[in-house]
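Residue numbers (my numbering): 46 to 139. C-beta: ideal position from N, C-alpha, C; glycine also. Just so it is clear, the structure is predicted and the values come from calculations on it, not from any experiment. Report on one structure; see the data block that follows.
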């Protein structure tokens, strides 16, 4: 069975210039993987389709601006995947 991390990493690799083997659980989407805002939007939309969830991108870096938003811990792969898992579970319960 494919893990959430594997599915997310595959989508990031598909929708950006990042190679799949460069993506680790402790990778930061912006700082380490160098995803820009266009990449993030593309990835989020692809993830919403893949997992059949709504993943509001504005929630990432909420109440932060500039560099603080870019460095948001929510953009670490492990936290990002955990959020997706929570959203999938919430949808299943509804």
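Would you kindly work out how many angstroms separate the C-alpha atoms of residue 80 and residue 91, rounded to a whole number?
About 14 Å.
For the alpha helix (DSSP H) that residue 59 lies in, which residues bound it at each end?
That run of the alpha helix (DSSP H) goes 49-60.
Just to confirm, are residue 52 and residue 96 a CB contact at a threshold of 9 Å?
A contact, by the Cβ cut-off of 9 Å.
Distance CB(residue 133)-CB(residue 98) smaller than 9 Å
With contacts defined by Cβ atoms closer than 9 Å, residue 133 and residue 98 form a contacting pair.
Residue 124, enclosing alpha helix (DSSP H) - first and last residue
Here the alpha helix (DSSP H) through residue 124 covers 122-138.
Using a Cβ-Cβ cut-off of 8 Å (strictly less than) and excluding sequence neighbours within five positions of residue 136, which residues of its own chain qualify?
Excluding the 5 residues flanking it on each side, residue 136 has same chain C-beta neighbours closer than 8 Å at 97 and 98, in chain order.
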